[in-house]
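Every letter in the sequence shown is one number past the one before it in UniProt numbering, and letter 39, counting from 1, is 39. By construction, the Cβ of each residue, glycine as well, lies at the ideal position given by its N, Cα and C atoms. Treat the numbers as computed from the prediction; the structure is a model and nothing was measured. The next block holds one structure in the form of structure tokens; read it before the comments.
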Amino acid sequence: MSLLFEKAKLGNLELKNRVVMAPMTRSRSIGNVPGEIVATYYEQRSEAGLIITEGTSPSPNGLGYARIPGIFSKEQTEAWKVVTDKVHKKGSKIFVQLMHTGRIGHEFNLPKSAKVLAPSAIMAKGKMWTDSNGMVDHPTPKEMSKEEIQSTIQEFVLASKNAITAGFDGVELHAANGYLLEQFLHPSSNQRTDEYGGSIENRIRFILEVTKEVSDAIGKEKTGIRLSPYGAFNDLFPFEETHDEYSLLAQKLNELGIVYIHLVDHSSMGAPTVEPKTVSAIRNNFKNTLILSGGYDSQRAEADLSSGNANLVAFGKPFLANPNLVTKFQKNLPLVNFDETTLYTPGEKGYIDYPIVS
């Protein structure tokens, strides 16, 4: 019997298998509200024991990309209820990933009153897409004041409460891929001289405060977090203290008692390989569920589950064009390749029109 298809516990939840659908931005939420096709997209992929949604902003300031959803308004919360209802009817569990883009945003993608915020006023290298002006350079963000840090924490709390109202089983805090929470971790993007910058203890402070406030508000068994040590996304790269910082962060997250750490390895996409000693330190310092993701196939997933390296395994790209991925794994059926040209385009094409095998 394959471990991948066995039931598993995640805090108080029972998952029908150990397959997790990883969070993937798809840019289909017109007006930043998830519509009917978004609900259909997740319903189609509900063979996964756990679905983690695409990055969803807890704040108008965090809507850095075109057409990504939020969960800070009543309209957005009501729309997400349709998604969670469809997924639950298929017997799956679903967490919403809360992603504040921080400096990886542009005013052309934000509501009029919103601002591009970051730990420090340091522009990220590179460009991003805007529907109004095409590809543009990243702007120089506004350095967050202490008042803005505190208000942003409360935005995460409100979004988390909205998520529970919307029927989500929990939230995943996106502290990976170069977005706001991770921006506080890196000395290249965080050059503050107050209690939120400088030492490792100070750089992890914002993440820990967000995590504590969220877990206090909705329950630690409903709070997870995603980390990407040694990642190379959005102009954030490994640094000298990466191992020590993530080791301490895992220890502190364990003390908070949250339900999982979702550890992503981007080496399959060209980033440096996550150091095995760092994965071991996180595994040893964090006693609850560890989800691993990054370039997995079913055989590699089985190996890491069998060895105890992971409790659950997340799959991203394979789910894009293979809605019933679990069935394909079980029956050893060939996987369909996804259309890269439709990853972030609006509409149904390349989104909900991939074949579902019986």
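Contact under 8 Å by Cβ, residue i with residue j
| i | j | result |
| --- | --- | --- |
| I52 | F95 | yes |
| G308 | Y260 | no |
| V326 | N17 | yes |
| V87 | E147 | no |
| K222 | V171 | yes |
| S2 | L50 | no |
| L173 | V210 | yes |
| N324 | A8 | no |
| M24 | G219 | no |
Cβ shell of residue i (< 7 Å), same chain only, five flanking positions each side left out
| i | result |
| --- | --- |
| K212 | L256 |
| I37 | R28, E348, Y351, I352 |
| S120 | E143, S189, N190, Q191, R192 |
| E241 | I200 |
| F184 | P119, N190, Y196, R203, F206, I207 |
| S59 | F72, H100, T152, E155 |
| residue 359 | This structure gives no information on residue 359, because the portion of the chain shown stretches from 1 to 358. |
| T40 | I352 |
| S132 | F108 |
| A175 | L181, E182, I207, I225, R226, L227 |
| L13 | K93, D169 |
| V33 | P69, E75, Q76, A79 |
| L248 | I200, I204 |
Selected residue, minimal CA-CA separation from residue i, among the options
| i | options | result |
| --- | --- | --- |
| A22 | L292, E302, V336 | L292 |
| R103 | I30, G219, N61 | N61 |
| L290 | F237, I282, A321 | I282 |
| T165 | P139, K112, S145, D85 | D85 |
| L320 | E302, A303, Y344 | Y344 |
| D339 | N162, N322, N332, L333 | N322 |
| I356 | L333, T341, P346, T342 | L333 |
| K115 | A79, T140, N133 | T140 |
| S160 | F315, V83, D216, G295 | D216 |
| F233 | S267, L335, G167 | S267 |
| P272 | P229, L248, K252 | P229 |
| I117 | L181, N337, D169, I68 | It should be noted that the sequence gives Leu, not Ile, for residue 117. Closest option to L117, Cα to Cα, is L181. |
| V83 | A175, S57, F168 | F168 |
| M123 | I258, I68, Y179 | Y179 |
| R45 | S306, P318, P346 | P318 |
Residue i versus residue j: straight-line alpha-carbon distance, rounded
| i | j | result |
| --- | --- | --- |
| G197 | S73 | 31 Å |
| P214 | A250 | The amino acid occupying residue 214 in the given sequence is Val; Pro does not appear at that position. Each residue's alpha carbon lies about 17 Å from the other. |
| K90 | E47 | 8 Å |
| N177 | Q330 | 31 Å |
| Q76 | G35 | 9 Å |
| R226 | K112 | 29 Å |
| E6 | L263 | 21 Å |
| L15 | V274 | 27 Å |
| L335 | K328 | 7 Å |
| G31 | L98 | 17 Å |
| Y354 | D194 | 50 Å |
| Y246 | G11 | 23 Å |
| S298 | Q150 | 42 Å |
| V19 | D304 | 13 Å |
| W80 | S57 | 13 Å |
| K252 | S358 | 45 Å |
| I258 | N337 | 35 Å |
| S145 | N162 | 25 Å |
| S280 | S306 | 16 Å |
| L63 | P346 | 16 Å |
DSSP bridge partner residues for residue i (one or two, in chain order)
| i | result |
| --- | --- |
| I164 | Looking at the DSSP assignment, I164 forms no beta bridge with any residue, so it has no partner. |
| residue 415 | With the chain covering 1 to 358 only, the question about residue 415 has no answer from this structure. |
| F315 | M21 |
| V136 | M128 |
| E36 | BP columns for E36 are empty, so no partner. |
| E14 | K9 |
| V96 | V171 |
| S298 | DSSP, once it has assigned bridges, lists no residue as partnering S298. |
| T289 | Y260 |
| E143 | A118 |
| T56 | L98 |
Nonlocal neighbours in the same chain, by C-beta distance under 8 Å from residue i, ignoring five residues either side
| i | result |
| --- | --- |
| N254 | N285, F286, K287, N288 |
| K277 | H243 |
| T130 | A66, H106, F108, N109, V136 |
| K127 | M135, V136, D137, H138 |
| T342 | K349, G350, Y351 |
| G295 | D265, S267, S268, M269 |
| F239 | H186, P187, S188 |
| E78 | A166 |
Close beta carbons around residue i, own chain, < 6 Å, minus the five adjacent residues each side
| i | result |
| --- | --- |
| R26 | E54 |
| H186 | L236 |
| residue 363 | One cannot answer for residue 363 here, as it falls past the ends of the chain, which runs 1 to 358. |
| G231 | H266, A271 |
heavy atom of the ligand GDP below 7 Å from residue i C-beta
| i | result |
| --- | --- |
| G350 | Among the components of this structure there are no ligands whatsoever, and the ligand GDP is therefore not found. |
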